[in-house]
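Down below is the structure, laid out as structure tokens.
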Amino acid sequence: MLGTERVDKPSLSVWLRKAEKPTQRRLTRNEQTSTKPTHEVRQSDARQVVSRQVFAASIQTKEEERVFSFSSQKKESLKRLFSCSRKKSLLFSRQKDATQIDEKRKDESRLTSFTRLSVFSSIGFSSVFAASIFPTIICQLEKIQSIFKFLDRYIICMPDEKEQVIHRYALLNAVEHEGMAQSKSVLGKVLADNPEWRNEIVIVRNLVEDIVRNVNRLSLLEQRQELGSEMTEKEKKSEKKSLPELDRKRNFVVRFAPNPDGTLHIGNARVAVLNHEYAKKYKGKFILRFDDTDPKVKIPEKKFYTMIKQDLKWLGISWSKEVIASKRIPVYYNYAEKLIAMEKAYVCTCCKEWAALRDKGKACPCRNLSKKEHMKRWKAMIAHRYREGEAVLRIKTDLDLKNPAVRDWPAMRIVDNPKHPLTKRHLWPLYNFASAIDDHLLGITHIMRGQEHSTNEAKQKFIYQYFGWSYPVTTIVGRFSMSDMVMSKSLIRRGIAERKFTGWDDPSIGTLRALKRRGFLPKTIKEMIVEIGLKPNDITISMENLSAFNRKNIDDIANRYFFVPNPKKIEVKKMTVKDAKIPLHPSKKRGFRTFRLTKIFYIDREDFEKYQGLEVRLKDLCNIRLQAASEFTSKAVKNIPKIQWVSHDHVPVRVIMPGHIIKGYGEHTMRKLHPGDIIQMERFGFGKVEKAGKDNIVICFSHR
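Residue numbers (the numbering used here): 230 to 933.
Here is the structure:
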């Protein structure tokens, strides 16, 4: 419950062990004379002394505390512990008259509790007394575990910030799930709204499990009352996280340059969203540039030009200009020729020998040829008189650069049989050359790129230097990936070819099309990306983190329906409930689902095997004794397991999960659903409807 601090048992044990050593000393003469006779230390009358200290604890609440000579951090921890125990001793004395239990059992309980409590209370009121008797008492206690059990139950301290936040989420989750909060759901929600807590994931997980356990001990009415009192205070206003300011002048122009060799995945979306958000923030321009000048390794496909634009529009991203690099080949040829004329580029035919010379920092024989000779070779490259691998256009750099990859890097190459859907040329610009030329000509002022592109930036700056251009402001953005999702385009393409994936929207992969199919909202993707912001470190999130963001956005729009996987038929005898009326949403007024009932029901086979012989509640309906021939027991709401059900009137449902399909029965009202509807299958998870008919419902699973 809120207000209860859970004491970490292993930590307290360490404190106690460390406390014993400094207390084992003789009392000074002054201390002996200043101590009352009743506090003289004798091992034989230790229990008498303890009981006297209990009564002193209820009177001397303002007596100054003194703690062992530990480090300041340990002092604070012990002070808090002792302060809490004093408060509880007062609480005991005030409540004892109101306790309505058997007198004999009450006396025994109070004696046991007071004996344990005095161990800690005595430390707070007399460090001299504690220093001498504390080790003796600890040794005489039969079970040290009883102390911890006592502390867990009775010590009352103010909760810290984490506990308050987690407690509120646990209450919200419990109310949503009929009084039973789910630890995993609470943890996902907490981490999504407080990403900085991920560094303390073990502590947070333990707190969540502990608090959820306490919240589930409350009745649903108590949970609603406690949550209601919190909500009357200032409702948590999630401040819209703003992106950090960038160094800029008047103009602000950014570009997003995808390669059309596949659809966009969530990692691509991060760069697109950040660029677009900054363009809106500074009232600048967002340019879409297709980087499609690699017809050999990252081969473009015509369909992906359209699919990428569809993905961006789904995210709510618009662009002021669209550029396709493969249609700008003559522009790149023009600037290549200018560099040759400036003697800043040359045509190299050394092929295999060149790499060895580069690594040694030595010039190849081609580098020092005349400008006239290189211009002649350049014309031969354009005329396709060289074959693939026989000639390369290189940009001159310093041969003594520390990074060999930057030394005389390649700018143009020949591809004999290009597989390109838009252009059939044989002489192609490489990434760094085409990007550098386009970024300048398009007026790009800011570039967001990953740390792995730092070498590319070093290469491109030589082009800017030779032409006297100013290089854009660069911001490093770390890689963004999901731990349990396939995001590599090459792996996805291979998986589709091998029929491991059904397509670019397969629920097992991390493309935007797959997330859209599963019912993730574009708002979810954007919120998460803005929340993470401009971080230079690589970031990996789990589906649970992403689901927490999405759950917050779809919970209000998703109507509730019953779905039973792996159904088992049961018959309920003496069934008196003939109809039921259940709301479509627990908090939104959207109407009801009505049921006409018989004695025939279908429940999950796993629930049947788990609760057979026990009394269970058919959710939102009634209680039954679950067995081979089940029997109606009552309609009263009890603290018993709740199971999902559908009536004799049901509809077959297939749920497409990542990697497999689950078949089951859905309630009859699901026949009214439409493709695109996002729903929650109660106690199963959220999903997006793909097909809806009288006898065929197909739903793509979103998340729990």
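Ideal placement from N, C-alpha and C gives every residue a C-beta, glycine not left out. As the structure is a computational prediction, the values presented were derived from the model and not from experiment.
Per-residue DSSP class, three states only, for residue i
i: residue 710; result: strand
i: residue 809; result: strand
i: residue 528; result: coil
i: residue 592; result: coil
i: residue 621; result: strand
i: residue 642; result: strand
i: residue 892; result: strand
i: residue 533; result: helix
i: residue 749; result: coil
i: residue 696; result: helix
i: residue 600; result: helix
i: residue 897; result: helix
i: residue 505; result: helix
i: residue 649; result: coil
i: residue 925; result: coil
CA-to-CA distance, residue j to residue i, given in whole angstroms
i: residue 476; j: residue 702; result: 7 Å
i: residue 775; j: residue 750; result: 11 Å
i: residue 837; j: residue 803; result: 19 Å
i: residue 882; j: residue 823; result: 19 Å
i: residue 709; j: residue 768; result: 5 Å
i: residue 578; j: residue 644; result: 15 Å
i: residue 503; j: residue 432; result: 32 Å
i: residue 770; j: residue 720; result: 19 Å
i: residue 895; j: residue 831; result: 10 Å
i: residue 632; j: residue 690; result: 14 Å
i: residue 608; j: residue 735; result: 48 Å
i: residue 685; j: residue 743; result: 31 Å
i: residue 712; j: residue 420; result: 16 Å
i: residue 289; j: residue 909; result: Any reading at residue 289 must be qualified, since the residue scores a pLDDT of 41, below 50, and its modelled position is unreliable; the value itself is stated next. Their backbone Cα atoms lie some 57 Å apart in a straight line.
i: residue 790; j: residue 907; result: 11 Å
i: residue 618; j: residue 580; result: 7 Å
i: residue 889; j: residue 914; result: 15 Å
i: residue 864; j: residue 852; result: 6 Å
i: residue 517; j: residue 657; result: 21 Å
i: residue 574; j: residue 555; result: 22 Å
i: residue 523; j: residue 584; result: 22 Å
i: residue 778; j: residue 648; result: 41 Å
i: residue 543; j: residue 675; result: 24 Å
i: residue 794; j: residue 398; result: 28 Å
i: residue 826; j: residue 418; result: 37 Å
i: residue 759; j: residue 671; result: 26 Å
i: residue 405; j: residue 748; result: 20 Å
i: residue 786; j: residue 813; result: 10 Å
i: residue 628; j: residue 538; result: 42 Å
i: residue 728; j: residue 722; result: 10 Å
Contact belief for residue i with residue j at Cβ below 8 Å, rounded distance in angstroms
i: residue 730; j: residue 724; result: 4 Å
i: residue 848; j: residue 873; result: 6 Å
i: residue 707; j: residue 732; result: About 29 Å separates the two Cβ atoms, so there is no contact after all.
i: residue 396; j: residue 440; result: 5 Å
i: residue 651; j: residue 492; result: Between residue 492 and residue 651 the Cβ distance is about 18 Å, and since that is not below 8 Å, they are no contact.
i: residue 513; j: residue 482; result: 6 Å
i: residue 593; j: residue 582; result: 7 Å
i: residue 918; j: residue 904; result: 6 Å
i: residue 840; j: residue 870; result: 5 Å
i: residue 392; j: residue 436; result: 6 Å
i: residue 495; j: residue 716; result: 7 Å
i: residue 705; j: residue 765; result: 4 Å
Identified DSSP bridge partners for residue i
i: residue 833; result: 796
i: residue 789; result: 909
i: residue 930; result: 916
i: residue 517; result: 485 and 551
i: residue 656; result: 643
i: residue 824; result: 809
i: residue 886; result: 889
i: residue 801; result: 859
i: residue 172; result: Outside the shown range of the chain, which is 230 to 933, sits residue 172, and nothing can be said about it.
i: residue 769; result: 710
i: residue 705; result: 678
Minimum Cβ-Cβ distance from residue i to chain C less than 8 Å
i: residue 600; result: Chain labels in this structure do not include chain C; a single protein chain is all it has.
Check: residue i C-beta below 7 Å from any heavy atom of the ligand HEM
i: residue 711; result: With respect to small molecules bound, the structure shown includes none, and the ligand HEM cannot be examined in it.
- [ ] Enumerate, from N- to C-terminal direction, the unbroken alpha helix (DSSP H) stretches of 4 or more residues contained entirely within the region 542–580.
- [x] As far as the region 542–580 is concerned, its whole alpha helix (DSSP H) runs of at least 4 residues are 558–570.
Task: Minimum length 3: unbroken beta strand (DSSP E) runs contained in the region 842–880 - done: Secondary structure remark: continuous beta strand (DSSP E) runs of at least 3 residues inside the region 842–880, in chain order: 844–847, 851–854 and 859–863.
TODO: Go through the region 665–693 residue by residue and report every complete run of the beta strand (DSSP E) that reaches 3 residues or more, in order.
DONE: For secondary structure counted as the beta strand (DSSP E) over 3 or more consecutive residues, the region 665–693 holds these complete runs in sequence order: 675–678.
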